[in-house]
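First up is the structure itself, then whatever we jot down about it.
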Amino acid sequence: MVLLKVINLKKWFSMKKGIFGTTYYLRAVDNVSFELRSGEAVSLVGESGSGKTTLGRTILRLIEPTDGKIIFDGKDITHTRVEELKWYRRSASLIQQDPFGSLPPFYTIYKILEEPLIIHKIKDKNKRRELIYRALREVRLTPVEDFAPKYPHMISGGQMQRVAIARALILRPKLIIADEPVSMLDASVRIEILTLLRELQKTRGISFIYITHDLSTTKYFSEKIFIMYAGQLVEMANTDQLIKNPLHPYTQALLSAIPDPDPENRKKIRKVPPGEPPSLINPPRGCRFHPRCPNAMPICRREEPKMKEVEPEHFVKCWLYA
Amino acid sequence: MKKLLDVKNLYLYFATRKGIVKAVDNVSLSLNKGETLALVGESGCGKSSLAKAIIRLLPRNTHTYKGEVYLNGENIMEYGEKKFRKEVRWKKISMVFQGALNSLNPILKVGFQIAEPLIIHENMSKEGAYKRVKEAVKLVGLHEAFIDRYPFELSGGMRQRVVIAMALVTRPNIVILDEPTSALDVITQANIMNLLKRLKAEFNLSYIYITHDIAVSSELADKVAVMYAGKIVEIASSEIFYRNPSHPYAKKLMASVPTLRSEKKLDFIPGAPPSLINPPRGCRFHPRCPNAMPICRREEPKMKEVEPEHFVKCWLY
Amino acid sequence: MIYLSTVGAEYSIKGIAKEILSYKSGVIGIAILLFLIFLSIYTVITIPYDQAIRMWRGEDRMWIENPRNAVPIWYKYIFGKNIPENIAIDSRDFGKKLGIVKVISDIPGTNFKKLYIEFTFTYPYDDFPSEINVFFFAKYNMNAPLLYIYWIKPNNRKIELLSYIVRSPREDILYLSINPVIGNKLQNYIEKTVGEESEVFIPVEMALFAVEDRTLLSSLTAKPLNGVYKVIIEGMLFEKDADIDVRLVVYGKAWGMFGTDDLRRDLLIPILWGTPVAISFGLSASLLISIIHLIIAVASGWYGKWVDSLIQRLTEIYMIIPFLSFLILIATFYKLNIVIILMIIIVLNIFGGGIKSTRALVMQIKNYPYIEAALAYGASSRRIIFLYIIPKILPPMVPGLISSVPGFVFLEAGLSFLGLGDPYLPTWGKVINDAFTGGAMYKGYYYWVLEPSLMLILTALAFAFLGFALDRIVNPKLKEM
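Chains as they are written, first to last, in the numbering used here: chain A, 1 to 322; chain B, 1001 to 1317; chain C, 2001 to 2481.
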């Protein structure tokens, strides 16, 4: 069952140079379409500046889309007013990158977890306590009576992120968007947190969008991977498929750029395309990857390719497969 | 082969309101010419402090700073500040700091910032300095014209190259790099690593590469030293370390690195790294160690050479 | 329990107090502040407001028994001189105290009575009295008593001062020291006794108490004659039920803890009362303005766009306004009391500069992840402002709040000093104003100026030190490692 449908979504930020100057558009999300099913976990992989964070925020309607449609659970929430979206805030929640920043430092963990409950009108104090303790148990912050009265600065980064996860789960949402949830944590803690997230996702059947730049963690976490480049999705496939058989040259570049811990690495020069991701204000014409693409053809410079299903459940946006 | 850098029993403690932070607690390691040593560990284990201890960039609240650091056979710990500044810092050993690409002076042109070490340390004339700057800039893969740009005009990857140029411009023997690519995207990171590999090969540079990302460290490392709670617990060649480390912590670290190409069951280390103010008694890793024995709780193990050039600090050996 | 937060650390009131006390400046600040607060409470309890105002207005000859411009009593210990204090003798104390004789005897065959009152006292001081007054409390219907007043010095010289008819029943005051008849009489007496003419007019109180030799001819060399003095009041009462009581007051030059002003008012009152006035004025001004700034800054920072632009421009205009000039202008044309002054100061400060820094903080916090998280789980703007933003910006405002209190205290004092403040309230500024118009610096009444000034300085110091310590606590960058 399709939970989330994103159709031709655009988010362009307008930036003006001076009072009378021309308006530039920062095309953070430029024509993104995909479907997400109930209980499905997807990794949205892209480098910084690819627009993945903006895409996540736009889906959550923390930002209003410039164009396109977002349909959640059958309801079109593209341009609904923020005041009327309270039900959505309950059904879709956010886990942020910075565990230190995402928890208000002047509230106890109990109060932090109580906030969403109060906002969504769970008036019974005992019910709230029940839900809070349950959430803490789910993220393995036990004994709960010890953790509940603590302040964020008294616990470690990994524990803080668990609190953030608990907060995201406490209202039993249908969709969680996790924006780089482990990139600020120590390497050894990352796996712990990701494993926990994966478990929770599976047992509760929550749809997940896991935004990250670290491809190597995706296979431990999601069934599908979406690769984002310069504001657009360039490849979508099942995780194993993508890693075994990357089709888009950018995906191939990404995969070849990521080292596994191997002592042989230092003896070789890695084959990677030069250059950097393009600016979102003035992206290249045609296919946005063409300036760096080893397989660039004349048509790549002229026209933007369309997303095509090259194999079952494997979509690519590249002229090589048109 | 004479060792280029030999660190013996180095200590660096800081005094804070909460107590004394034992950031570097009796660390010994060595580096040969043309060799890269990767210093890996979790955040807060003291690796950045170790780098600062070697290059003597000490904060105001330093409590203890002692030990021996032999550079080409001479103990630079005995140098006065003036001599150290003139002859060692940025002349023989330079450093690329964590987040350096964000700490370029935004109001100065990039070329000037690269030239600064030359003008300060070597009293070079402006023309002479800029000649070297252009060389350095080309070396790191940027066009000469970039020396007239301001940092905000450059992308992250370019700024990181600038910072590397700054570290290289005085032609040091050793470059300490502290998480040089953590703020960069994967492809740029690979490009920078390629650059570092080339420079190493061309100039026979020696690197001390500090990172918490074990996979990336394998791009450069000839030798790996693992740091935990202010102490080095294992030093081994990369062949040994990445394939089969000895220390339980090193083992767990390797097991927690996700790999793209191989199927691996991931492991994680329960608990959190200890505070450097009040580390556990005995072996500092014992509270989280799966192989902890009674003696681990009582006494700190000594560093033992279990194989040639393979040191482990663990009661198992 | 109020939990303030600073970069992740939380403090309870107890914790904050401990932190403050860990800094020397905090200890000093709190110590002085506690002293001032104790003083205020003590003052308000022992001298209630209405009473204080009444006393300060000096109704009903309240202060008549105080010497004018008297120095504080403790001058005696500091300067070592035996500065004269008041000596008062009252015939009503006849029988209860020594040194008083009062005899009224009938004159047989008439309704008249003879009156004899004798006062005996010792004068041990090193300086002359400032004034001598005689108070008459007479009871009669139509015919006032007739009195003769004699003065006997320790050298047993008896001088007839004057004959006097009481001017009014109930209370009548004879200002001995400025009485010209007595003055002339004494001048002649002295010139005769000493044998020389004096170039200047010798003041009555000096003549009555001085050593009678050539030293008396100049006020620089005159010395008081220590010893036993007698004052005799003889006279006639002309009615059957007539009676009279006499009170002699030889005014000293020292009085009370703080001395007196030119209207004889004990300076204890304004010095003490100035404390609660200054502190409450300073604190309320600071607090109210800070709260207003908070609201405006939050609105400006959170809602942004045109609201922000408008408020910013208003703030900038306000910052240019010459605030004190306006205040003086208003005060010159309108009669002000202290509450109105407070209101005006607040209005003139509404869009003050403090808004800019708070707004900057609000804009910074607006971008914190936990604000975004709150939006994500559905918090309304209002909830975010009150429960997430304000708790974070309150702590940094506190040092500013405390540190700006002295400014307002000085403002009020300054206004009073210029004569534009509340004329009826006993405040430190008013005392300084009185002192200057009373020529304190000319005449050497330094204590009159120094006492209120020192109180002002003390208050300013208290808040400055406290603000200093708080600033170190709240601002993590200033914290010592």
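Glycine included, each C-beta is placed from N, C-alpha and C at the ideal position.
For clarity, every value in this text was computed on a predicted model and none was experimentally measured.
Euclidean distance between Cα positions of residue i and residue j
i              : j              : result
residue 14/A   : residue 2308/C : 20 Å
residue 164/A  : residue 95/A   : 6 Å
residue 2072/C : residue 2049/C : 24 Å
residue 2286/C : residue 2380/C : 30 Å
residue 2064/C : residue 2135/C : 10 Å
residue 2020/C : residue 2303/C : 35 Å
residue 200/A  : residue 210/A  : 13 Å
residue 2455/C : residue 2210/C : 39 Å
residue 67/A   : residue 11/A   : 7 Å
residue 2363/C : residue 2392/C : 12 Å
residue 2270/C : residue 2372/C : 55 Å
residue 181/A  : residue 1213/B : 17 Å
residue 240/A  : residue 196/A  : 21 Å
residue 1224/B : residue 2353/C : 56 Å
residue 1149/B : residue 1035/B : 34 Å
residue 2426/C : residue 2290/C : 27 Å
residue 1196/B : residue 47/A   : 21 Å
residue 157/A  : residue 1083/B : 42 Å
residue 2006/C : residue 107/A  : Caution applies to residue 2006/C, whose pLDDT of 40 falls short of 50 and renders its modelled position unreliable; the value that the coordinates give is listed next. Distance between the alpha carbons of residue 2006/C and residue 107/A: 12 Å.
residue 1239/B : residue 62/A   : 49 Å
Exposure label - residue i; buried when at least 16 CB within 10 Å
i              : result
residue 1145/B : exposed
residue 70/A   : buried
residue 1178/B : buried
residue 213/A  : buried
residue 1258/B : buried
residue 224/A  : buried
residue 2481/C : Note on residue 2481/C: pLDDT 38, under 50, position unreliable in the model; no value is reported.
residue 2066/C : buried
residue 2001/C : Caution is warranted here: a pLDDT of 30 is assigned to residue 2001/C, below 50, making its placement in the model unreliable, and the coordinate value is therefore given only provisionally. By the 10 Å Cβ count, residue 2001/C comes out exposed.
residue 1136/B : buried
residue 2326/C : exposed
residue 276/A  : buried
residue 1234/B : buried
Residue i and residue j closer than 9 Å at C-beta
i              : j              : result
residue 1053/B : residue 1070/B : no
residue 1396/B : residue 1220/B : Because chain B spans 1001 through 1317 in this model, residue 1396/B falls outside it and cannot be assessed.
residue 2244/C : residue 2166/C : yes
residue 2346/C : residue 2422/C : no
residue 1003/B : residue 1032/B : yes
residue 2242/C : residue 2113/C : yes
residue 2296/C : residue 2311/C : yes
residue 93/A   : residue 36/A   : no
residue 160/A  : residue 149/A  : no
residue 1274/B : residue 1290/B : no
residue 2216/C : residue 2154/C : no
Alpha helix (DSSP H) segments (min. 4 residues) lying fully within the stretch 1217–1270 of chain B: 1238–1243, 1248–1255
The stretch 2248–2260 of chain C in contact with the stretch 2080–2091 of chain C per 3-pair CB rule at 8 Å: yes
Segment contact, 8 Å Cβ cut-off, at least three pairs: the stretch 2033–2041 of chain C with the stretch 2272–2292 of chain C: yes
Contained beta strand (DSSP E) runs [length at least 3] in the stretch 1078–1112 of chain B, N- to C-terminal order: 1093–1096
Unbroken stretches of the beta strand (DSSP E), 3 residues or longer, contained in the stretch 2075–2151 of chain C: 2087–2090, 2100–2106, 2113–2123, 2131–2139
Any alpha helix (DSSP H) of 4 or more consecutive residues that is wholly inside the stretch 198–234 of chain A: Complete alpha helix (DSSP H) runs here, min 4: 215–218.
Given 8 Å, three or more beta-carbon pairs between the stretch 229–246 of chain A and the stretch 24–31 of chain A: With the cut-off at 8 Å, the stretch 229–246 of chain A and the stretch 24–31 of chain A touch.
Unbroken stretches of the alpha helix (DSSP H), 4 residues or longer, contained in the stretch 2370–2426 of chain C: 2390–2417
The stretch 2170–2177 of chain C touching the stretch 2128–2145 of chain C, judged by at least three CB pairs closer than 8 Å: The stretch 2170–2177 of chain C vs the stretch 2128–2145 of chain C: in contact.
Within the stretch 2241–2321 of chain C, ranges of the alpha helix (DSSP H) (whole runs, at least 4 residues): 2268–2303, 2305–2320
Any beta strand (DSSP E) of 3 or more consecutive residues that is wholly inside the stretch 38–66 of chain A: 41–45
Contact the stretch 1086–1099 of chain B vs the stretch 1168–1176 of chain B: 3+ CB pairs below 8 Å: yes
Contact the stretch 108–115 of chain A vs the stretch 2395–2404 of chain C: 3+ CB pairs below 8 Å: no
Whole alpha helix (DSSP H) elements within the stretch 90–114 of chain A, 4-residue minimum: 99–102
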